[in-house]
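The block underneath contains the structure these notes are about, expressed in structure tokens.
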Amino acid sequence: MFSAFFIRRPIFAIVISLVILIVGSVSISRLPIEQFPTLAPPTIRVTGTYQGAGAEVVEQSVATPLEQKINGVDNMLSMLSKNTSDGAMTLDVNFEVGMDLDFANMLTQNRVQQAQARLPQEVIQTGVTVAKINPSILMVVSVYSESGQYDDIFLNNFAMINVRDQLLRVKGVSTVDLIGAEYSMRVWFKPDVLAKMGMTPPDVINAIKEQNIQAPAGKIGDAPSASDQEFTFTVRAPGRLQTPEEFEQIIVRETPDGRVVRVGDVARVELGNEFYKSRGRWNGKPAAALVVYLLPGANQLEAAEGIYETLDEIQQTFPEDIKTVVGYDTTPAVEASIEEILHTLVEAIILVLLVVFVFLQNWRATLIPLLTIPVSLIGTFAIFPLLGFSINTLSL
């Protein structure tokens, strides 16, 4: 019945076929392409830092309050927190498969806000971040010094300022983690001197926090002022300290005999790494490594292409000795899988044509599957987005 309807109306049948081809082709370009299908539960990562605290302190004062508030959020499966000796806390919240990541991110963010009142002030000041994560690494980008002129500390800081933010703007990129540490003003205490003066490390830490601030200096000529005052001047005063020598001059306390104790008297100050647990190398030369993660559901090939284009653009603004290189890339495996799909489809069409011709002995009848197979295959992609499928449905 249906076949007779279309046989009598060939133009209508051609139009329907063209519509199927167009819709299917548009759907193909929008389907997510990843190396592996999404099998792991959707995950939201909560991170925070408690500077100067050990792993146990971080667990009790940061991780536990967050876990207690986040526990029981809708469609949550499990939680896993990791606390390190450098004060870093990472809490992964796993949700049921199929849970919308944006909705899960919003729910988690709301619970984190509820826990803010129970967190240490230092943690609130540095911030607690909530982000969607993809456990699959897209690629690793290394920023290195070609001649070894720059050390890894400089390169880490350079990568954070000039490379990381650029990569985060690429479509399909979720997060970019730096394997290394940024510049930091290191204060190494002298325990014997502190004990002799009856002081503790918190005394020095509090002095640095109180005196290393950017505070408004006020205005000259602002109301209330003399009636003959015509102009108002904003006073700009240096606030944040920049050099080790400036930090050494911070006053910690005054002794009973009137002597002023400064940071330089009880500690050694130097500019160094924020932490020393990792160090990057590229072919034996100092380097900063940036690990790029794919946004869940994004097109892996499109994201990789955007990263390569971005690296080429920003490379033009770098010093001559600083280069970027992609040391690890997962897209070749995806490209090989897609290429194998195309080869398989071509081989299948050829075999179908041969079988039809052998049995029918008619070239005209053989052309029918040559036209219908592509329409059927491409048309199938039109419903992939509606069912949440990806290219992995064909490649696996």
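Numbering-wise (my numbering), the sequence shown opens with residue 53 and increments by one.
We treat Cβ as the ideally placed atom computed from N, Cα and C, and that holds for glycine.
If we count the other Cβ atoms within 10 Å of its Cβ and call it buried at 16 or more, is residue i buried or exposed?
i, result
"G232", "buried"
"G224", "buried"
"M158", "exposed"
"G270", "exposed"
"A450", "Because the chain spans 53 through 448 in this model, residue 450 falls outside it and cannot be assessed."
"A340", "buried"
"I402", "exposed"
"N351", "buried"
"V98", "buried"
"I435", "exposed"
"K184", "buried"
"T160", "buried"
"G76", "buried"
"I96", "buried"
"G431", "buried"
"A156", "buried"
"T284", "exposed"
"F299", "buried"
"V398", "exposed"
"G139", "buried"
"L143", "buried"
"T307", "exposed"
"N258", "exposed"
Can the beta-carbon of residue i be found closer than 8 angstroms to that of residue j?
i, j, result
"L73", "V427", "yes"
"V304", "M251", "yes"
"L190", "A355", "yes"
"V226", "G379", "It should be noted that the sequence gives Ser, not Val, for residue 226. Not closer than 8 angstroms, so no."
"V109", "M141", "no"
"W334", "Y235", "no"
"P94", "F147", "yes"
"I359", "V222", "yes"
"V404", "I425", "yes"
"R314", "Q294", "no"
"V175", "G100", "yes"
"E119", "S133", "yes"
"F241", "P253", "yes"
"P449", "D204", "Only positions 53 to 448 of the chain appear in this structure, which leaves residue 449 out of reach."
"I272", "V256", "no"
Can you tell me the Cα-Cα spacing of residue i and residue j, whole angstroms?
i, j, result
"T116", "V78", "48 angstroms"
"F57", "G349", "41 angstroms"
"L342", "L153", "24 angstroms"
"V228", "P296", "30 angstroms"
"V408", "L429", "18 angstroms"
"L353", "Y102", "38 angstroms"
"E322", "V245", "18 angstroms"
"N135", "E392", "44 angstroms"
"I66", "L423", "11 angstroms"
"L439", "S55", "28 angstroms"
"R238", "G324", "6 angstroms"
"V71", "I80", "14 angstroms"
"R60", "S188", "53 angstroms"
"Q201", "T362", "24 angstroms"
"V364", "N214", "Correcting the residue type first, residue 364 is Asp in the shown sequence and not Val. Cα to Cα, D364 sits roughly 13 angstroms from N214."
"G150", "L129", "12 angstroms"
"P421", "I390", "23 angstroms"
"G332", "L219", "19 angstroms"
"L346", "V192", "12 angstroms"
"Q266", "R292", "6 angstroms"
"A388", "F206", "38 angstroms"
"A169", "D126", "22 angstroms"
"S69", "V182", "46 angstroms"
"A211", "K375", "11 angstroms"
"E111", "T396", "53 angstroms"
"Q263", "A247", "23 angstroms"
Terminal residues of the continuous alpha helix (DSSP H) containing residue i?
i, result
"F411", "T383 to L412"
"G431", "W415 to T432"
"D217", "D217 to L220"
"A341", "A341 -> not in any alpha helix (DSSP H); beta strand (DSSP E) instead, spanning K337 to L346."
"I205", "D204 to A211"
"P437", "F436 to L439"
Grab the span of the beta strand (DSSP E) containing residue i for me, first residue to last.
i, result
"T369", "Here T369 belongs to no beta strand (DSSP E), and DSSP marks it neither H nor E."
"F241", "Y235 to F241"
"I189", "I189 to S197"
"S330", "Here S330 belongs to no beta strand (DSSP E), and DSSP marks it neither H nor E."
"R97", "T95 to T101"
"T227", "V225 to I231"
8 angstroms is my cut-off, CB to CB: does residue i come that close to chain C?
i, result
"P253", "In the displayed structure, chain C is absent; only one protein chain is listed."
With hydrogens ignored, establish whether the beta-carbon of residue i is closer than 7 angstroms to any heavy atom of the ligand COA.
i, result
"V344", "Judged by which ligands are present, the structure shown has none, so any question about the ligand COA falls away."
- In chain order, which continuous runs of the alpha helix (DSSP H) of length 4 or greater are located wholly inside the stretch 259-323? As far as the stretch 259-323 is concerned, its whole alpha helix (DSSP H) runs of at least 4 residues are 296-300 and 315-318.
- Let me know the alpha helix (DSSP H) ranges lying completely inside the stretch 107-187, each 4 residues or longer, listed in chain order. Taking only runs of at least 4 residues, the alpha helix (DSSP H) segments lying wholly in the stretch 107-187 are 107-110, 116-122, 153-167 and 173-178.
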